[in-house]
Each structure stands twice: as structure tokens, then as C-alpha cells.
Amino acid sequence: MAKIKRKGQTGNAKNYITRTQAVKKLQLSLPDFRKLCIWKGIYPREPRNKKKVTKSLTASTTFYYTKDIQYLLHEPLLQKFREQKALEKKISKALGRGDVSDAARWERNAARPEKTGKPRYTLNHVVRERYPTFIDALRDLDDCLSMLFLFANLPSTSAVPAKMIARCERLCLEFQHYLIVSHSLRKSFLSIKGIYYQANIQGEDILWLVPYKFNQRIVGDVDFRIMGTFVEFYMTLLGFVNYRLYTSIGLKYPPKFDQLKDEQGAELGAFMLEGVNIATDGETKAITDGEEHGPDPKVQAEVNKIVQQLKEDESNEMALVSTEEGEEENTDAIDKFEPVAPGGDILPQPSQSSSDTSQLFSEFTIYLSRETPRQPLEFILRAFGCKRIGWDSVLGEGSFTTDESDPSITHQIVDRPVVQATMSSNGDGEDNQTSQKLGPNQRYPGRIYVQPQWVWDCINDEELKSPELYAPGASLPPHLSPFVKTSQGQYDPTLPLEAQETEGEALDAELEDQEVEEEASDEEVENDMDVDSAEEKEDEEDAGSFGGFSGDEQEAEEDEEEDATLERQRELEAELSGKSVKSKPVDAKMKAKLEAKKALDKKAKEEAEDLERAKGMLSKKKRKLFEQMQYTNNKKSAEDLKLRSKRRKLEKEKAKVNGTA
Amino acid sequence: MGSKLVEKKRKSRETESESEDELADGAFDGVLSQSDDDFNDLDSEEDAHDQDDEDESASEKDADDDDALLSDDIPSDVDGEEAISKLLRETELEIEEPGVDPKRKEEDTEDRNYRIEKDANGNERYVYDEIDPVYDSDDSDAQGPVNTIGNIPLSFYDSYPHIGYDINGKKIMRPATGDALQNLLDSIEVPKGWTGLTDINTGNPLNLSQEELELVRRVQMGLLPDDLHDPYPETVEYFTSIEEKMPLSAAPEPKRRFLPSKHEAKQVMKLVRAIREGRILPYKPPEEREKEEEEQEEVHFDLWQNEEPQEANPMHIPAPKLPPPGYDLSYNPPEEYLPTKEEREEWEKLDPEEREKDYLPQKFGALRKVPAWDSLVKERFERSMDLYLAPRVRKNRLNIDPNSLLPKLPSPSELKPFPTVAQTIFRGHEGRVRSVAIDPTGVAVASGGDDGTVRVWELLTGRQVWSVKLSSDEAVNTVRWRPLKDSFILAAAAGEDIYLMVPSHASVAPALDQASREILAAGFGYATNGQQQTAPGKEPPAKWARPGAKLEDEGVLLRITVRSTVKVINWHRRGDHFATVSPSGQRSSVAIHTLSKHLTQIPFRKLSGLAQTAAFHPLRPLFFVATQRTIRCYDLQKLELVKVVQPGAKWISSFDIHSGGDNLIVGSYDKRLLWHDLDLSNRPYKTMRFHSEAVRTVRFHKGGLPLFADASDDGTLQIFHGKVPNDQLENPTIVPVKVLKGHKVVSKLGVLDMDWHPREPWCVSAGADGTIRLWM
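The listed protein sequences correspond, in order, to chains X and P.
First residue of the first sequence? That's 0 in numbering that gives the first Met the number 0, and the numbers climb one at a time after it.
First residue of the second sequence? That's 0 in numbering that gives the first Met the number 0, and the numbers climb one at a time after it.
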């Protein structure tokens with residue numbers, strides 16, 4: 000006899016488990032369960048049929064896979080949670096009894112990560128479990144980096160201990176150092192939310208967002224316990240990722256950290272990278288070259304010069320070293336296969352452009368003005384090969400030079416408006432180098448002044464942009480996202496309008512132009528045209544319903560008739576208002592265009608009819624699918640259309656302004 | 000209660016003092032006080048007892064009622080309280096010297112060897128007692144009053160009352176001898192048991208018995224009052240103190256007594272190992288340890304040292320990445336991305352949840368003007384909420400061109416020709432036109448209507464060329480042409496009669512007319528001659544006869560009378576047979592008539608359901624009968640059921656078979672038109688529901704054009720393009736192409752019948768409004 004099958008014993012009813020059931024099964028509190036889920040990467044599922052899953056009448060909202068929860072049962076962290084729970088109980092009991100000393104003793108054992116920033120457990124095994132290979136970890140690094148960079152910029156509160164913030168900051172800076180050394184930063188984008196960076200590590204594209212250096216406002220109800228749980232995991236993850244990345248390029252991890260420099264705001268400069276085989280070499284390999292030669296601000300200009308020259312020599316040496324390394328790398332690189340004899344197929348090879356872009360700024364000595372954001376600029380410039388970056392001492396420690404008048408400076412990044420009035424120079428009595436400072440708007444000769452966007456546009460386009468466009472005070476060219484992959488037919492702001500617009504649109508636009516011209520002379524006509532178009536629309540709608548297809552010629556005739564009646568009406572109106580009848584000034588060109596438009600409209604109408612007919616033959620399911628697809632496509636194209644029309648308008652305005660000027 | 004107690008104590012003291020007064024010799028006084036002093040530290044109970052006694056004795060003497068009452072009031076454990084009260088009294092008495100602890104003072108008075116006196120100046124002066132050298136003191140100077148009579152015998156003083164002199168020269172009196180005391184006592188006569196006390200109850204002197212005196216004595220001696228209890232019993236030793244010479248067991252001393260313990264060694268080694276490995280650390284003050292722990296760095300190592308790529312769990316869905324920022328998120332976007340005023344207002348009006356984007360594009364002239372993004376923390380938080388709380392579902396995105404979904408339709412030009420307009424309207428019938436048919440040559444249209452006439456019209460002009468009135472009371476239900484061009488024979492049914500006629504028509508050559516008449520007449524020569532051999536007593540299924548001279552003149556040459564009203568006539572393709580259906584006739588509803596033999600056969604003795612219509616297969620010897628719900632297909636040669644088609648309609652009105660023979664269209668009274676592919680399935684391939692009323696007739700174009708049409712009660716005909724491909728694997732293409740509107744709906748009836756032209760894309764329709772229309 001076959002086994003009797005009962006309801007709720009197999010299938011979905013067994014495969015899914017509600018959250019309450021899961022919590023009960025694991026004997027955890029809900030916050031602990033949440034933590035465990037976050038760390039183990041267990042997320043709810045959506046069963047196909049909710050009714051089959053729940054036996055209860057009340058609708059549960061969150062379902063987990065039973066297998067997932069079973070897997071959690073063996074988690075060593077579970078034991079830790081339970082121990083912690085028992086400890087808490089002991090403490091509360093002791094306090095209830097009034098045994099303060101006992102409670103204090105237990106309290107010492109209890110982990111208080113929110114206070115110390117250090118839990119009693121490690122998440123190493125969880126990281127390894129979730130990411131069996133290093134590539135897996137890299138793939139999931141987006142959220143990790145965004146979160147840690149955000150926390151590195153948060154103010155410390157009771158919910159976010161200062162230690163956690165410091166640790167986040169350190170991990171982030173270490174990661175940035177890796178990107179600088181390995182030149183794996185690819186793109187960056189200044190958005191209104193913050194700065195997006197994209198790096199390519201071992202073939203994985205990693206995109207993260209770094210907020211601007213402001214005090215972050217915390218709006219809305221944000222549960223920092225949840226965020227903290229994530230951060231805890233992400234810190235462990237990034238720590239191990241950093242270790243692996245550092246060791247992969249022969250560096251020691253963690254790098255030497257200079258507390259003093261960090262306190263002076265050196266940020267990236269507070270780290271000193273060391274090679275792994277330090278025992279044999281006995282010397283540290285400084286990656287951030289210029290930094291250890293911090294210039295003395297009190298020395299005179301001439302002395303400065305000499306020192307500068309010395310430094311340049313040194314840095315040149317360093318550059319040489321790095322180029323040598325580059326050559327070594329070249330031996331590893333792919334060789335170019337050139338066809339010897341004609342007739343063979345050409346196989347595509349990846350280009351070697353990355354090595355070129357990594358040295359984009361290597362020739363320059365760049366000085367950052369006081370008002371520019373130092374951290375992102377320093378990071379990007381270093382990642383793209385710049386060795387000598389100077390900035391004003393107010394921006395923190397670690398600059399190549401704090402002296403603005405340094406003659407070795409080739410580029411200066413400024414972000415201030417051009418002040419026309421020449422003011423009497425400076426009242427900064429405290430500054431030591433006032434004598435060398437120039438007044439506002441005065442520039443040192445022989446150096447290029449650019450706005451910060453220049454740096455971003457250069458790295459995104461992988462070429463040095465012409466600095467004239469980015470001169471201080473100039474209105475900047477639009478800053479475009481390098482992450483957008485334009486698909487066929489999508490609006491692309493980099494291309495000229497003519498290349499993208501459809502035929503109909505172009506015609507419309509031209510007609511509109513002429514109409515606008517007419518508008519000035521006669522408004523009534525325009526009104527009539529409006530009526531006309533409305534009627535036409537109605538006609539179209541009528542044709543949409545089933546009724547086969549009516550003869551097109553017929554309709555065309557009707558249209559003509561309508562035109563004729565309209566003309567008559569216009570005349571009548573003119574008579575009533577006492578004006579003389581104006582024949583429409585229609586030149587031949589306009590007429591041709593109108594014809595073309597009419598033809599286009601007709602074609603479109605035919606196509607629509609065809610489509611309608613074809614749709615009639617689809618099954619209901621397929622028709623729905625089709626309509627959905629059409630819906631999204633239409634929405635996109637409507638957006639593009641809007642953008643194009645806006646641009647057309649703008650261009651027209653610009654042209655007008657130019658014309659009048 | 001406490002205050003009462005104290006009061007009572009005070010009173011008892013007073014009584015005591017009274018009793019003291021009363022006791023003249025004070026012998027008891029001293030005894031009691033001595034017992035007080037000596038046994039203060041002893042058992043308080045004892046004390047209490049004797050105090051109790053004293054109290055009792057006192058209370059006996061005291062005649063005060065209150066006191067007696069009070070003493071009665073005192074509960075049974077009064078002994079203990081009395082003891083306490085006594086102690087209290089003592090202290091009370093002694094608290095004369097303020098600031099000095101009474102006990103302390105008591106001790107002091109006992110211990111200290113000086114007195115405090117005031118000297119001339121009024122200062123304190125310590126006057127020390129004379130040192131009393133104890134027995135083994137080496138102080139020879141200080142001695143008590145010693146007899147200093149020197150080295151002379153004491154007998155020298157026998158005659159004197161004194162026995163010598165002390166150091167001060169005073170006489171030391173001879174101590175009284177026993178005799179003297181005895182003599183004195185003897186001289187005083189004391190009654191037996193005399194105490195000198197007075198019984199308070201009687202007022203008589205209180206005499207004590209021997210036992211009582213013994214008790215007093217024992218108390219005096221500091222012994223327990225009753226002699227039954229022995230306070231000092233003989234000790235019984237728990238352990239013997241005697242060491243036995245011989246051991247109890249002769250077993251030799253076990254080895255473990257003199258070998259070091261292995262277990263202990265193990266434990267020690269454990270500890271040693273733990274210390275070596277650093278699990279046990281030397282003690283450090285907790286603060287120091289905490290500090291160290293804080294300083295401790297996180298340990299890092301290569302977590303992926305021996306990594307093994309694992310096959311991802313098929314159930315695992317990785318979290319989707321956030322989309323990369325677009326152009327409109329730039330701090331300095333192209334200007335066309337900036338929202339217009341209306342767009343901005345619209346965006347602001349919407350609820351934050353309803354907004355498509357959570358930001359508006361903004362343009363800042365310079366990087367320094369870009370402010371902090373307010374909701375960044377919130378966005379991150381929402382992302383993390385999504386990561387752990389949002390159910391993940393894998394959705395397959397169809398990355399296909401939507402146009403590929405659309406069927407490849409023939410272009411409209413390919414679909415043409417099809418009828419579009421009403422070319423001719425044939426008027427003449429009174430009442431409804433029930434049936435209409437175009438002759439095989441395509442020049443004449445025959446129609447039959449409610450007025451009982453059959454009319455033949457010229458197709459193109461609409462001129463009526465011939466007419467005959469078959470019946471005055473019955474409507475002509477159906478007219479059908481014999482489908483061969485070698486004749487010009489029309490079959491019509493009115494009521495139970497089927498008439499076969501040869502209408503006169505201009506296009507009909509006399510030869511053709513003659514041929515037709517011969518075909519009809521041929522049957523009369525046949526053996527049956529209209530009379531079928533039937534079982535005796537049974538009515539023949541049909542009677543074949545001449546309709547009468549009047550009708551014969553008109554051209555109606557043959558009449559077949561069946562049992563019930565005939566609704567449908569359908570010819571076989573060869574023109575020799577035709578089938579009639581009379582839905583109301585029970586068993587004989589379907590009949591097949593053979594023209595050449597004037598023979599009528601009823602193929603079904605029993606039919607499930609009411610027969611609606613029947614037709615011959617256009618190519619093979621198959622016969623289709625439609626009942627209300629199903630269409631059955633019979634093989635006429637093998638005489639068996641081949642197939643049952645189930646269109647799923649509630650009430651089939653008509654059907655037609657495609658000229659290819661593999662496809663079938665069915666019209667039903669429940670407004671449906673169904674296309675069946677007979678090879679494919681019993682179920683319909685397509686269901687078309689474009690009519691708002693019942694579908695009356697469906698008809699394929701038989702002349703090679705891929706057209707079919709249906710006529711409905713909503714007054715319209717719908718023309719479809721229905722192409723059956725030659726390839727068996729391809730599905731037929733069905734395209735609705737035209738709705739022909741024109742017929743009026745009269746009493747809920749619209750178009751009753753329609754027929755196609757044999758070659759051209761034209762059709763005629765018969766309406767309930769009494770008209771016939773030609774559509775082309």
C-alpha cells in the first residue's frame with residue numbers, strides 16, 4: 000500500500016519556516032537572530048504560494064528556508080550568544096540580590112562591544128564560509144566599502160563607538176593604499192550624494208560611494224544596531240581582504256601606523272608601507288614617496304629651492320625604480336601577436352592601456368589650494384601616479400610641500416571664484432610665509448591652474464584634458480558619469496542631438512520653429528491648429544478599436560476634407576472679427592516638410608494598426624507580456640524624448656543668445 | 000509592656016528593700032548578694048530561679064493586689080525576663096557615676112588598687128592600697144596584720160583574752176572557739192524550722208521544712224537546686240587513647256602510599272602545558288589586563304590560503320548590486336537633465352515612497368558648493384535592511400525583442416481580397432429570409448424565406464429571375480444548390496417536404512436544363528420508384544413523389560416528404576446524395592437521400608443528443624453530424640465512428656469543413672466561433688468571441704481563397720482570413736479582417752444565413768430584415 004500523503008508534511012510546508020518559528024527553533028532572542036542572519040548572509044525567501052506554507056490563519060510575512068535555519072543550528076556563534084545570555088542573566092540576578100561585587104565580576108567577563116568596540120568572538124570562520132574564494136569576497140565588496148567609508152566619516156555617538164569609527168577609517172585608508180600602490184583605481188565620479196570610485200581588482204569591478212567630508216546628518220529612524228552588526232562583519236571582511244591584497248603585492252600587513260602623524264591629520268600619510276622580506280633588506284620601502292621628506296616651513300626660499308632640487312632628484316630616482324618595476328611587469332604581460340602572413344583570422348587582445356593611465360599624473364607636481372577637498376584629490380592623484388602633491392598646512396600633515404610658491408609646482412588645483420577687484424594683499428599676520436604669498440587672483444607664472452573637476456574628467460577619459468576648459472571661474476563642461484553604458488537608441492548627452500533624434504522628431508522641431516515664427520504674427524491660426532490636432536487624435540483613437548482596417552485612402556480624403564472645412568471656418572472667423580482674410584503664408588519648403596510629416600504620420604499609423612492586429616492574434620498571456628515590455632520600453636523612450644526636447648530647447652536658446660550677442 | 004515591666008521591677012526592688020529591712024540579722028542578705036556576685040556569669044536561669052524565689056517570697060509578704068495581679072499576668076517564661084530585669088536593675092543601681100560603663104566600673108573597683116581622693120588644691124589624688132603580697136611574692140615588707148609576739152609560745156597568753164599584738168601594738172583578740180559559739184547558740188532556743196520570715200498570706204512566721212532548707216542550702220552552695228541532675232558526669236572517651244600494638248589487617252602497605260600519584264602528575268603537566276602555551280597567564284591586576292586587551296591588535300592571516308572554489312548553492316541568490324550612478328546624479332550634469340519647474344513641483348508633491356527617484360538632479364557651479372547629502376546614512380541603512388530583510392526572488396528577465404513575440408502576419412495587402420462593402424441589396428421577400436445560396440456557376444442566388452417562396456436572383460444586378468411559392472403556411476427553411484456544374488438543381492425544404500427544382504434562368508442553356516430534369520427524373524425509373532421496402536406496419540422514412548402539376552410547371556420536379564420539419568440540407572460533393580437534418584425528428588432526424596435511386600436512408604437508429612446539422616467530408620467518405628455539444632465523424636464505408644470533436648460550445652448552430660478536409664469551423668449559439676484542427680486535437684485550436692449575439696452560420700470559402708465568415712444575430716458578418724498551410728507542421732493562420740455591418744436586427748434576429756461565391760471573394764447574406772445582401 001502506498002504511503003498516505005498528508006497535507007503540510009512535504010513540499011513547501013516543509014521547505015519554508017516563518018521567522019517566529021526559526022527564532023524558537025534556535026532558542027535565540029530576535030536581535031541575536033537578526034545578527035546571526037546578517038553575518039551568515041541568510042535572507043528571507045518568497046514562497047511561490049504563501050498559503051501552502053503557513054498552517055496558521057494569520058498571514059506571516061517573512062519566510063526562511065528551513066535548510067538555512069538548520070544550518071544555523073551548528074553555528075559556533077550560537078553558543079557564544081547563549082553564553083552571553085546566561086551571563087546577562089547572572090548579572091541581572093546578582094544585581095537583584097544586591098551582590099554588587101558579584102555583578103561587577105560578571106560584568107568584567109561580559110563583552111560590551113558597544114563600549115569597547117571589541118566583541119568576544121571573531122567572525123573569521125563566517126567570512127570564510129560566506130566567501131569560499133577570494134574572488135567571491137571581492138565580488139561582494141561594494142556594500143562593504145560603502146558602509147565602512149560612511150562609518151569612517153560618522154561622528155561618534157553612543158551607538159557608534161569612537162573605536163569602531165577609528166578602525167573603519169584605518170581599514171579604509173589601508174585599502175586606499177593598496178589601490179594607490181597597485182594602480183587599480185579605474186574611475187571616479189562626483190555625484191550629489193558623494194564621490195563614487197570604481198576599482199578593478201583581479202578582474203572584479205568594485206564600485207563604492209564615499210561621502211563628502213561633512214558632518215553626516217542622521218535623518219529618519221536609523222537603527223544603528225543593525226548597521227553596527229553589518230559594520231562588525233564588514234570590518235572583519237575588509238581586514239582579511241586587505242591582508243590578502245597586501246601580501247599579494249609583497250607588502251606587510253598591517254602597515255606601520257604613525258599615531259602622531261594621524262593626529263595631525265595626515266590620513267593617508269600616516270601609514271608607512273613595508274615590504275614583507277624586511278629581515279633580509281633591512282630597509283623599508285616607502286611607497287608614498289614624497290612624504291617622508293616633509294619640508295620645513297621655516298626655511299628661506301632659497302634653501303627651499305635647494306631642498307626641492309634634492310627632493311626632485313630623489314623622487315626621480317623613485318620614479319626610475321617604479322619604471323623599472325613597470326618593465327618587469329611588461330615581461331609578464333601579454334605579447335602582441337601580429338599576423339605574419341595574410342589570410343589568418345584576427346584574434347582580439349586586451350589593450351595595454353591600463354599601464355598608461357596609471358601614470359597619468361606622474362610628471363606633475365600638484366598643489367592643492369586650501370578650499371579643495373584634499374582627501375579625494377590626494378587619493379586619486381596618487382592612484383594615478385602623482386608623487387608630489389602639496390597642500391596648504393591647514394589641510395593637514397603629510398604634504399609634499401606647504402609652500403604655495405614652490406617653483407617645482409606644475410599644476411595648482413583651485414576652486415574659488417575669480418575676484419575682479421585687486422585687493423590690497425593679505426592681512427594674515429600669523430602666517431609665516433606671508434611674504435611669499437600673493438594676493439587673490441594673482442598667479443604664479445609657469446603653472447597651470449585648474450578646477451578639481453579636471454582631475455576627475457582626466458581619469459575618466461584616460462587622457463589629460465585641456466586645462467583651459469577647467470580654468471578657475473570658467474563654467475565647467477558637464478561632468479558625466481563614467482559608469483553609464485549607453486545602449487542602442489538611448490539618449491547620450493555626449494553625442495550631438497542630430498545624431499540621435501528620429502526623423503519625425505526633427506521634422507516636428509523644424510515645423511515648430513516655423514510655427515513659433517508664425518506665432519508672433521498670428522495667434523488664432525495656432526489655436527485652430529490645436530483644434531485640428533485634437534480632432535486628429537480622436538480619429539486615431541477610433542481607428543484603434545477592432546473593426547479591421549478601413550481604407551487608408553478614405554481617411555486621407557477625410558483629412559483633406561477636414562482641412563478644407565477648417566479653412567472655411569477660418570475665413571468666417573476672420574470675417575466676424577473684421578479682419579481681412581489672410582492666406583496662410585506657406586512657402587514651398589514648408590509645404591514639403593508638411594507633406595513629409597503627413598507621410599510619416601501615415602506610416603506610423605499604419606504601423607500601429609499592424610501592431611494592433613498582430614497583438615489580437617497573441618494569446619492572453621503573451622499579450623500581457625508583450626504589453627509589459629512595451630510599457631517599459633515606451634517609458635524609457637519617453638524619457639529620452641523628453642531629454643532630447645529639453646536639449647533642443649536649450650540649444651535654441653543658446654543659439655539665440657549667440658545670435659543677439 | 001516594656002514600661003510596665005520596668006515599673007514592676009522597680010516595685011519588686013522596693014519590696015526587696017522592705018524585706019531586707021524586715022530581716023533583722025541580714026544572714027540571708029549576705030547570702031543572696033554573694034550569690035549575685037558569684038554567679039552573675041553562671042547560668043542565668045539559675046539566677047532567675049533564685050530571683051524568682053526571692054520575688055515570690057517578697058510578693059508573699061507584700062499584700063498589694065496589683066502586684067499579685069501583675070505577677071499573675073506575667074507569662075510562664077517569666078523566669079527569663081526576671082533574670083534580665085535583675086541584670087537591668089543591677090545596672091540601674093550602678094549607673095550612679097555618669098560616663099563610666101557600669102560593668103567596666105565594676106571590674107575597675109575589683110581590679111584597681113587605688114582610691115581617688117581630693118587633695119588640698121581640689122585636684123585628684125590617687126591613694127594606692129597597700130600591696131597584698133601573695134603567697135609567692137618576694138615582697139617581704141608588706142604583710143598583713145601579723146602577730147608580733149615574738150618567739151614565745153602561745154600558751155603564755157592562755158590567761159589573756161588576746162593572743163598577741165600586731166605591728167601597731169594593738170591586741171590581737173583570741174578568735175572565738177567552737178565551744179563558745181555553740182554555747183551561745185544553745186543558749187538561744189529556736190523552734191524547729193525557724194526562719195525569722197513572715198508568711199505574707201497568713202501573717203504567721205514562716206517555717207521552712209527540711210527539704211526547703213536543703214534547697215536553700217544548695218542554692219547557697221551554688222549547686223543546682225534539685226539534686227537529680229548531675230552536672231559533672233563521668234567522661235566516656237569517644238576514642239580510645241590506648242594505642243593497639245597489633246594492626247587490624249595484615250595487608251601490606253599499598254604502593255600508592257609511597258609512590259607519587261600519576262593522576263596528580265597529569266594534572267600538574269596539564270597546568271604546565273597551559274602555562275607554556277600561554278593559556279594560563281601569570282596574575283596581573285585586572286586593570287592592567289584590561290589595558291593590555293584593549294591594545295591587542297586583531298590578528299590577520301591569509302584566510303583564503305587553501306581556497307577551493309565551491310559550486311554555488313543553486314538556491315542561493317546573491318544580493319543584487321546597487322545600480323551605478325547615471326548622468327543625472329552628477330554634481331554638474333548636462334543641463335537637459337535638470338528638472339523643469341513643473342517636474343520639480345510634481346516631484347515634491349509626491350510622497351517620498353512614491354517617487355521614482357529619491358533625488359532631483361541638481362547643478363552646482365563648482366565643487367566647493369556641493370553640500371553634504373542629507374539622506375546618505377538613511378539610504379545606507381535602507382540598503383542594509385534590504386540586504387537582510389528583503390526576500391530575494393530570482394526573476395528571469397526576458398531579454399528579447401518584444402516584436403519577436405508577435406506572430407508573423409501576412410501583410411494587409413496579402414490578406415486581400417475580402418468583401419468590404421454591400422454591393423447589392425436583394426429585396427422581395429416578405430418576412431425573414433431564412434436561407435441563401437449561390438449556384439455553382441456563380442451567377443444566380445437562391446433564397447428561401449418565411450413567406451414560403453423560393454426565389455432565384457441574378458447575382459450582380461439583384462434582379463429576381465424566378466420565384467415559386469412552395470407552401471403557404473410553412474417557411475422555406477433552407478435552399479441548397481446541387482454542387483455540380485452539369486446541372487442546375489436547387490433543393491429547398493419547407494416544413495416536412497423537400498423540393499428539388501430546376502429554376503429557369505437566363506444563363507441556363509436549354510441543354511443544361513434538360514440534363515437537370517433528366518437527373519431528377521432518373522429515379523422514377525428505378526426499382527423502388529419511391530416506394531421503399533420497409534418492414535410491414537412501419538412507415539417508410541420518406542416518400543418520393545411528384546409535387547403536382549402546378550408546381551411542376553414552375554420547375555419543381557420532385558417532392559420528398561419526411562417525418563418532421565427539415566432544417567438543413569447538405570449535398571454530397573458528387574451531387575448524388577444529400578443529407579437532411581430535422582432536429583425535432585427523434586430517431587429519423589438525420590436522413591441521407593440518394594437522388595439517382597429515390598432512396599432515403601436513416602443512418603442512425605439512435606443518436607445521443609439532438610442533431611443540429613450534418614455534412615459530408617469534401618474529400619473522403621466521411622460524414623459529420625453535429626449534436627448540441629459535439630460533432631461526430633463517421634466513416635461511411637466502414638460504418639463506424641471515427642472521431643468525436645468537442646468544441647466546448649453549449650449549443651452548436653452550424654459547422655463547416657475546410658475544403659482541405661482537416662479543419663473545421665464551428666459556430667455556436669453561445670456567441671462563439673471555434674476553429675478545429677482535426678489532426679491536432681478534439682479541442683478547438685482557436686476560439687473567437689467577437690460577436691455579441693449568437694452565431695448562426697459559419698462558412699468557408701470553397702473556391703480556393705483563404706477566407707471564412709460567420710453570420711450572427713447581432714446583424715453583422717465577420718470575415719476572417721484563415722490560411723491552412725500545406726505544411727502539416729505549421730499552424731493555420733487566422734486573422735480577423737472585416738466586420739460587415741448592414742443588416743438590421745429584427746426581433747433579436749440578425750443575419751440568418753450566408754454563402755460564399757464559388758470563385759470570387761464575394762458573399763451573400765440573408766437577413767431577418769427581409770433583405771439579401773451581396774458583399775464584395
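For each residue, glycine too, the CB sits at the ideal point set by N, CA and C.
The alpha helix (DSSP H) with residue i in it runs from where to where?
i, result
"Arg-129 of chain X", "123-129"
"Gln-258 of chain X", "258-262"
"Met-146 of chain X", "140-151"
"Ile-90 of chain X", "75-96"
"Val-662 of chain X", "Given a span of 0 to 660 for chain X in the structure shown, any question on residue 662 of chain X remains unanswerable."
"Tyr-125 of chain P", "Element bounds for Tyr-125 of chain P: not the alpha helix (DSSP H) but the beta strand (DSSP E), 123-127."
What whole-angstrom Cβ distance do residue i and residue j have, given they're in contact under 8 angstroms?
i, j, result
"Ile-191 of chain X", "Tyr-387 of chain P", "Not really, about 27 angstroms apart at Cβ, beyond 8 angstroms."
"Glu-517 of chain P", "Ala-493 of chain P", "About 25 angstroms; that fails the 8 angstroms criterion."
"Leu-642 of chain X", "Glu-344 of chain P", "Not a contact, Cβ separation roughly 19 angstroms."
"Ile-164 of chain X", "Phe-150 of chain X", "6 angstroms"
"Val-475 of chain P", "Trp-465 of chain P", "Rounded, the Cβ-Cβ distance is 14 angstroms, inconsistent with contact."
"Leu-716 of chain P", "Ser-764 of chain P", "6 angstroms"
"Pro-466 of chain X", "Val-449 of chain X", "5 angstroms"
How far does the beta strand (DSSP E) with residue i in it reach, from first residue to last?
i, result
"Ala-765 of chain P", "762-766"
"Gln-411 of chain X", "410-412"
"Thr-423 of chain P", "421-426"
"Met-783 of chain P", "Given a span of 0 to 775 for chain P in the structure shown, any question on residue 783 of chain P remains unanswerable."
"Lys-117 of chain P", "113-117"
Whose C-beta lies closer than 6 angstroms to the C-beta of residue i among residues of the same chain, with five residues either side of it excluded?
i, result
"Gly-503 of chain X", "Leu-599"
"Leu-31 of chain P", "Per-residue confidence for Leu-31 of chain P stands at a pLDDT of 43, beneath the threshold of 50, marking its modelled position as unreliable; no derived number is given."
"Val-644 of chain P", "Ile-630, His-675 and Asn-681"
"Pro-735 of chain P", "Phe-719"
"Leu-618 of chain P", "Gly-660"
"Glu-429 of chain X", "Note that Glu-429 of chain X scores 41 on pLDDT, short of 50, meaning its location in the model is unreliable; the coordinates nonetheless yield the value given after this. Closer than 6 angstroms at Cβ, skipping near neighbours: no residue."
Residues in its own chain within less than 7 angstroms of residue i by CB, not counting five upstream and five downstream?
i, result
"Asp-71 of chain P", "With a pLDDT of only 45 at Asp-71 of chain P, under 50, the local geometry of the prediction cannot be trusted, and no value is derived from it."
"Asp-527 of chain X", "Low per-residue confidence applies at Asp-527 of chain X: pLDDT is 46, beneath 50, and the placement is therefore not dependable, though the value from the model is reported in the following sentence. Once the five neighbours on either side are set aside, the close Cβ partners of Asp-527 of chain X are Leu-565 and Arg-569."
"Phe-661 of chain X", "Given that chain X is displayed from residue 0 to residue 660, the structure contains no residue 661 of chain X and the question cannot be resolved."
Counting only Cβ pairs nearer than 7 angstroms, list the residues of chain B close to residue i.
i, result
"Trp-303 of chain P", "No chain B is present in this structure, whose protein chains are X and P."
Quick one: what's got a C-beta closer than 8 angstroms to residue i's C-beta in the same chain, skipping five residues either side?
i, result
"Phe-625 of chain X", "Lys-614 and Leu-617"
"Lys-66 of chain X", "Asn-14"
"Leu-649 of chain X", "none"
* Residue ranges of each beta strand (DSSP E) run of no fewer than 3 residues wholly in the stretch 346-406 of chain X, ordered along the chain? -> Listed in chain order, the complete beta strand (DSSP E) runs (minimum 3 residues) inside the stretch 346-406 of chain X are 364-367 and 387-390.
* To do: Run through the stretch 135-208 of chain P for me and flag every whole beta strand (DSSP E) of 3 or more residues, listed as ranges in chain order.
  => Counting only runs of 3+ residues, the beta strand (DSSP E) found wholly inside the stretch 135-208 of chain P occupies 161-164, 170-172, 193-197 and 204-206, in chain order.
* Could you name each continuous beta strand (DSSP E) segment of 3 residues or more that falls completely within the stretch 195-232 of chain X, going from the start of the chain to the end? => Counting only runs of 3 or more residues that sit fully inside the stretch 195-232 of chain X, the beta strand (DSSP E) segments are 203-209, in chain order.
* To do: Run through the stretch 439-508 of chain X for me and flag every whole beta strand (DSSP E) of 3 or more residues, listed as ranges in chain order.
  => You should have 447-449.
* **Ranges of the beta strand (DSSP E) found wholly within the stretch 678-754 of chain P, counting only runs of at least 3** => Counting whole runs of 3 or more residues, the stretch 678-754 of chain P contains the beta strand (DSSP E) stretches 685-687, 694-699, 706-711, 715-722 and 732-740.
* **the stretch 566-576 of chain P touching the stretch 593-611 of chain P, judged by at least three CB pairs closer than 8 angstroms** => Three or more beta-carbon pairs separated by less than 8 angstroms link the stretch 566-576 of chain P to the stretch 593-611 of chain P, which places the two stretches in contact.
* Do the stretch 359-371 of chain X and the stretch 379-386 of chain X make contact, defined as three or more Cβ pairs closer than 8 angstroms? -> In short, these stretches touch, since the Cβ pair count reaches three.
* To do: Spell out a yes or no on whether the stretch 274-281 of chain P and the stretch 25-33 of chain X are touching, meaning 3 or more CB-CB pairs, one atom from each, closer than 8 angstroms.
  => Here the stretch 274-281 of chain P does not lie against the stretch 25-33 of chain X, with fewer than 3 beta-carbon pairs under 8 angstroms apart.
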